[in-house]
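*Asks:*
Chains as they are written, first to last, in my numbering: chain A, 1 to 223; chain B, 224 to 446.
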């Protein structure tokens, strides 16, 4: 039932639904109405019904959603059952943090191997993931199917490494380098972690909060 | 001219405009039409005009936007001129990566100090930022204005530390702990870095790409 083209906004809400449904499951909730789900997520119930209607019909009028069933549908939409294999290139602070702390398996992704150039990390195991010398990257890409590469190398070599990945058939790059990669959409999907976007949104909302508090204080002082 | 409540979607696009305008400035572009800006960002020109109209009038009909001027307006909207001060709590891999690689100053934020418990990092300087023992946190919060705390401690103590920050007047938390903090909106603004949301969106788009390629290959095989 998947339609040709679902808007990016809808896609971006799917992981949020997943997190909320996991939370509901953990709290022992079996069934939830679109109204209540919306209330908890700051969305309207019609927005929620519209989002899911892009992929089929998951609820039953008047009965709400089965939490486990809806969670399964969303996991399927997000490709969590596709056994995507992942490598990580660049075991600096961010790369190491992702290996040690990010639970790829929980989302159905398999972290196969990591790569770096520094002798002090090459050959080591981090949380069960072997770090190889970058010179072995080509060989691994030729002998294994790799769907996604986590790119956490220094900025200066980001595009060079991205080019090598794409030329060896990697179809998706999760980009932590903070630069825009010179990779076309037809070559690979690039998903950027933009820390600055997140901090600047925080700055906006903090400014709004401080302004509101200052206005309230000024009003009180006048009374 | 700021209106009472601008939608979250509009706010989230502001940092993207900022990045694009910085890119245009670096490329020597002085002026750009909403049509061309939209084309480069995958938005419609009416969407762009609507976004900016939430904050005032930045362009002139028929003349487009002055790149430097618009960049300044957006920086102002995002609070980049408010001199927000920042501390970082938890100098593990992620914390260290943010200190070493994220350019807070570039966005107008000042990273004052970092905190940890481990003797091997306490007392050290990382890229000019001093790491203090966590026991000094309370004292610093009482003697300095701290607007934002970067929270990059282990999950298990995340809520405990968040509570201490809020109780000492920190109004915003940039949360890297991957758990939902038990902090109410009236206490502090919490902005989460959700790595999983980003990876799952990547998984969706990769699945879509692979399906399209498989369909094209099947079609060709039948011909």
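From the three backbone atoms N, C-alpha and C, an ideal C-beta is built for every residue, glycine too.
Only a predicted model underlies this, so the values are computations on that prediction, with no experimental measurement involved.
Note down the Cα distance separating residue 77/A from residue 362/B, rounded to an integer number of angstroms.
*Replies:* So the alpha carbons of these two residues sit roughly 49 angstroms apart.
*Asks:* I want to verify the contact list: residues of chain B whose CB lies under 9 angstroms from the CB of residue 172/A, in sequence order.
*Replies:* Those are 425, 426, 428, 429, 432, listed as they occur along chain B.
*Asks:* Our contact map puts residue 387/B next to residue 425/B with C-beta atoms below 8 angstroms; I'd like the distance itself, whole angstroms only.
*Replies:* That belief does not hold up - the Cβ atoms of residue 387/B and residue 425/B are roughly 35 angstroms apart, past 8 angstroms.
*Asks:* Given a threshold of 16 other Cβ atoms within 10 Å of its Cβ, counted over all protein chains shown, does residue 236/B qualify as buried or as exposed?
*Replies:* It counts as buried.
*Asks:* Does any residue of chain B have a CB that is nearer than 8 angstroms to the CB of residue 66/A?
*Replies:* Residue 66/A does not count as touching chain B.
*Asks:* Got a sec: is the Cβ-Cβ distance from residue 147/A to anything in chain B below 8 angstroms?
*Replies:* Closer than 8 angstroms to some Cβ of chain B, the Cβ of residue 147/A qualifies, so yes.
*Asks:* Which class does residue 61/A belong to by DSSP, given the choice of helix, strand or coil?
*Replies:* Looking at residue 61/A - three-state DSSP - the assignment turns out to be coil, as it is neither helix nor strand.
*Asks:* Given a threshold of 16 other Cβ atoms within 10 Å of its Cβ, counted over all protein chains shown, does residue 213/A qualify as buried or as exposed?
*Replies:* By the 10 Å Cβ count, residue 213/A comes out exposed.
*Asks:* Between which two residues does the beta strand (DSSP E) containing residue 411/B stretch?
*Replies:* From DSSP, residue 411/B is part of no beta strand (DSSP E); its letter is neither H nor E.
*Asks:* Counting only beta-carbon separations shorter than 8 angstroms, does residue 220/A have a partner in chain B?
*Replies:* No, residue 220/A does not count as interfacial toward chain B.
*Asks:* How is the beta strand (DSSP E) around residue 353/B delimited, first residue to last?
*Replies:* That run of the beta strand (DSSP E) goes 352–356.
*Asks:* Whose Cβ in chain B lies nearer than 8 angstroms to the Cβ of residue 107/A?
*Replies:* Per Cβ cutoff of 8 angstroms: 419, 422, 423, 426.
*Asks:* Since residue 349/B meets chain A, which of its residues come closer than 8 angstroms, beta carbon to beta carbon?
*Replies:* Going along chain A, no residue has its Cβ under 8 angstroms from residue 349/B, so there is no contact; the nearest lies around 10 angstroms.
*Asks:* Is the beta carbon of residue 395/B sitting closer than 8 angstroms to the one on residue 385/B?
*Replies:* No, these two residues do not count as a Cβ contact at 8 angstroms.
*Asks:* Is it true that the CB of residue 89/A sits closer than 8 angstroms to the CB of residue 43/A?
*Replies:* No; because the gap between Cβ atoms is not below 8 angstroms, this pair is not in contact.
*Asks:* For residue 175/A, list the residues DSSP reports as bridge partners.
*Replies:* Residue 175/A pairs with 151/A, 192/A.
*Asks:* Suppose the cutoff is 6 angstroms on Cβ atoms and the five residues either side in sequence are ignored; what does the same chain contact list for residue 52/A look like?
*Replies:* Result list for residue 52/A: 58, in chain order.
*Asks:* Straight-line CA distance for residue 121/A to residue 321/B?
*Replies:* Residue 121/A and residue 321/B: Cα-Cα distance of roughly 20 angstroms.
*Asks:* Considering only their Cβ atoms, is the gap separating residue 79/A from residue 429/B smaller than 8 angstroms?
*Replies:* Yes, these two residues count as a Cβ contact at 8 angstroms.
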